[in-house]
Amino acid sequence: MDCDILIIGGGIVGSSIAYHLAREGRGGEIVVVEPDPTYEFAATPRGNGGIRQLFSLPENIAMAQYGLAFFREFETAMAVDGEPAPIGFQRRGYLLVSDAGEHRQMERNFRFQSAQGVRADCLDRAALGARFPSLRTDDVALAVHSPDDAWIDPHAALQGFRRKARSLGVRYLTDRVVDWQGDGRLARRALLASGETLEAGVHVLAAGAWSAEVAAQIGLQLPVEPMSRETYFFRATGEIEDLPFIKTETHLAFRPEGTGFTGGLPAWEVAPGWTFEVSPGGFEERVWPALARRVPALERLKLERGWAGHYARNRLDLSAIIGAWSGSLDNVYMAVGFSGHGIMHAPAAGRALAELILDRRYGTLDLDRFGYARVRENAPYREQGIV
Ligand SMILES: Cc1cc2nc3c(=O)[nH]c(=O)nc-3n(C[C@H](O)[C@H](O)[C@H](O)COP(=O)(O)OP(=O)(O)OC[C@H]3O[C@@H](n4cnc5c(N)ncnc54)[C@H](O)[C@@H]3O)c2cc1C
């Protein structure tokens, strides 16, 4: 046996799992296999880093609440040898806007979120306009504002997890799993691109949008697919008040970033697959009109750059699949299919999976309903909020 626990993929999810296992100090030797220490194509550094509690499923809310508290303390908690791990934590709130002609679901979600301890305000058109005067509101039925929500620099958080995990003894191998093998009821080994073989007692899959192709090597079928999403950085030329992270039911998503904004408008109709190219005219024809419609001051702006990253989209129900490969190879675990929520949910996923692996049961958060059983039974557990 080369290690006790093998983690495939060292993005923010794999690194959070590694950290949470290592900090318990009873996982034995932990190895993360990650082909690219610069994370050039990984989702994590290409994400927006938003953390919001505004979901409909209790698990998604609880995981975001855990993430919010965790990232607030990250800078000091992840310090190594006294050197802090700053992640630019900014508590500037989220605003969900109902502009698709159907607001009852958002209202129901708001009541549930409040019952779960989320501090939020439900705003009618007039209240929304008074709070954020730059927004156009005549097509808005209602909006929900959660001032405690936040955003972070996701690349800094990933590097912080990685550095801390390594300081606790986790080994990162710069390599790629090219074949994953098991026999009987157990996963046994991973063959690596370098030609090495790695044997492990426990195997954890956390390869983001690559997860389905890695899983297939060992016969695990996952409904997870890469979905390309474009993000742009732009500056307003006029004055706009301090805005929260805004997401609309018509899929516009943007937030302040330094002296400008980052955001985009996902094209859900585009077929899944890998595309790192930004579509020609995508900003001018799709994103800009939607921005200018919501914030008329953005009719004049300066586009500086655009990039594409990939959701690991769980096409069954868009929420993460976390836990054991129940009923199959007993020592295989996964944390995959996070769609657009893997940064905010990474701390909770890491904590929960570490407990499941070490104690054989959940302690802090019960994520049983996010388990693989729903995939096997084709029984979606669907998030009803904006995804
Ligand atoms: C445009 C955009 C905006 C987003 N905004 C947000 C947001 O505001 N808030 C939020 O919470 N989430 C957001 N997300 C989602 C978030 O970025 C992801 O859910 C999260 O980064 C997933 O982390 P991960 O570690 O699972 O995947 P990744 O960061 O992609 O890491 C997976 C790793 O697996 C490695 N790997 C691949 N194949 C193999 C192999 N064969 N062997 C070993 N390793 C392998 C890869 O090199 C990669 O480093 C956004 C995503 C995008 C694209």
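If you read the sequence shown in our numbering, its first letter stands for residue 1, the second for the next number, and so on.
All residues carry an ideal CB built from backbone N, CA and C; glycine is no exception.
Small disclaimer: the values here were computed from a predicted structure and weren't measured.
Throw me the rounded Cβ distance for the residue i and residue j pair, which I believe falls under 8 Å.
{"i": "residue 388", "j": "residue 304", "result": "Because residue 388 is not part of the residues shown, which for the chain are 1 to 387, the question remains open."}
{"i": "residue 75", "j": "residue 64", "result": "Residue 75 to residue 64, Cβ: 19 Å. No contact."}
{"i": "residue 151", "j": "residue 90", "result": "6 Å"}
{"i": "residue 375", "j": "residue 298", "result": "Not quite, the Cβ-Cβ distance comes to about 41 Å (not below 8 Å), so this is no contact."}
{"i": "residue 263", "j": "residue 255", "result": "6 Å"}
{"i": "residue 310", "j": "residue 228", "result": "6 Å"}
{"i": "residue 157", "j": "residue 226", "result": "With a Cβ gap of about 22 Å, residue 157 and residue 226 do not count as contacting."}
{"i": "residue 80", "j": "residue 173", "result": "In fact, because the Cβ distance is near 20 Å, the residues do not count as touching under 8 Å."}
{"i": "residue 306", "j": "residue 231", "result": "7 Å"}
{"i": "residue 237", "j": "residue 300", "result": "4 Å"}
Excluding the five sequence neighbours on either side, which residues of its own chain have a C-beta within less than 6 Å of the C-beta of residue i, listed in chain order?
{"i": "residue 41", "result": "none"}
{"i": "residue 235", "result": "260, 302"}
{"i": "residue 92", "result": "244"}
{"i": "residue 105", "result": "384"}
{"i": "residue 50", "result": "151, 245"}
{"i": "residue 247", "result": "96, 253, 386"}
{"i": "residue 137", "result": "125, 128, 129"}
{"i": "residue 361", "result": "none"}
{"i": "residue 217", "result": "179, 180"}
{"i": "residue 78", "result": "85, 160, 164"}
{"i": "residue 2", "result": "198, 199"}
{"i": "residue 344", "result": "51, 64, 67"}
If we count the other Cβ atoms within 10 Å of its Cβ and call it buried at 16 or more, is residue i buried or exposed?
{"i": "residue 337", "result": "buried"}
{"i": "residue 219", "result": "exposed"}
{"i": "residue 276", "result": "exposed"}
{"i": "residue 56", "result": "buried"}
{"i": "residue 406", "result": "Nothing about residue 406 can be reported from this structure: the residues present for the chain run from 1 to 387 only."}
{"i": "residue 347", "result": "buried"}
{"i": "residue 27", "result": "buried"}
{"i": "residue 99", "result": "buried"}
{"i": "residue 194", "result": "exposed"}
{"i": "residue 10", "result": "buried"}
{"i": "residue 209", "result": "buried"}
{"i": "residue 143", "result": "buried"}
{"i": "residue 169", "result": "exposed"}
{"i": "residue 249", "result": "buried"}
{"i": "residue 340", "result": "buried"}
{"i": "residue 162", "result": "buried"}
{"i": "residue 221", "result": "exposed"}
{"i": "residue 45", "result": "buried"}
{"i": "residue 149", "result": "buried"}
Closer than 7 Å: is that where the CB of residue i sits relative to any heavy atom of ligand 1?
{"i": "residue 34", "result": "yes"}
{"i": "residue 258", "result": "no"}
{"i": "residue 310", "result": "yes"}
{"i": "residue 345", "result": "yes"}
{"i": "residue 154", "result": "yes"}
{"i": "residue 162", "result": "no"}
{"i": "residue 48", "result": "yes"}
{"i": "residue 236", "result": "no"}
{"i": "residue 14", "result": "yes"}
{"i": "residue 177", "result": "yes"}
{"i": "residue 171", "result": "no"}
{"i": "residue 209", "result": "yes"}
{"i": "residue 43", "result": "yes"}
{"i": "residue 100", "result": "no"}
{"i": "residue 341", "result": "yes"}
{"i": "residue 351", "result": "no"}
{"i": "residue 231", "result": "yes"}
{"i": "residue 11", "result": "yes"}
{"i": "residue 8", "result": "yes"}
{"i": "residue 97", "result": "no"}
{"i": "residue 206", "result": "yes"}
{"i": "residue 39", "result": "yes"}
{"i": "residue 338", "result": "yes"}
Spatial neighbours of residue i within its chain, please: CB distance less than 8 Å, with the 5 preceding and 5 following residues excluded, ordered by chain position.
{"i": "residue 101", "result": "141"}
{"i": "residue 333", "result": "202, 203, 204, 205, 323, 324, 325, 353, 356, 357"}
{"i": "residue 43", "result": "11, 208, 209, 309, 310, 311, 312, 342"}
{"i": "residue 257", "result": "233"}
Excluding the 5 residues flanking residue i on each side, which residues of the same chain have their C-beta closer than 7 Å to its C-beta?
{"i": "residue 186", "result": "329, 330, 331"}
{"i": "residue 214", "result": "8, 177, 180, 205, 207"}
{"i": "residue 87", "result": "71, 74, 75, 152, 153, 156, 157, 160"}
{"i": "residue 223", "result": "314, 315, 316, 375"}
{"i": "residue 318", "result": "339, 383, 387"}
Counting pairs of beta carbons, one from the stretch 13-20 and one from the stretch 174-187, are three or more of them closer than 8 Å?
-> With a cut-off of 8 Å, the stretch 174-187 and the stretch 13-20 do not count as touching, because too few Cβ pairs lie within range.
Does the count of Cβ pairs from the stretch 322-339 and the stretch 370-377 closer than 8 Å reach three?
-> By the Cβ test, the stretch 322-339 is in contact with the stretch 370-377, since at least three Cβ pairs between them sit closer than 8 Å.
Spell out a yes or no on whether the stretch 111-125 and the stretch 262-271 are touching, meaning 3 or more CB-CB pairs, one atom from each, closer than 8 Å.
-> No contact exists between the stretch 111-125 and the stretch 262-271.
Inter-stretch contact (C-beta, 8 Å, three-pair minimum) for the stretch 282-300 and the stretch 19-37 | Output reads no: the stretch 19-37 does not touch the stretch 282-300.
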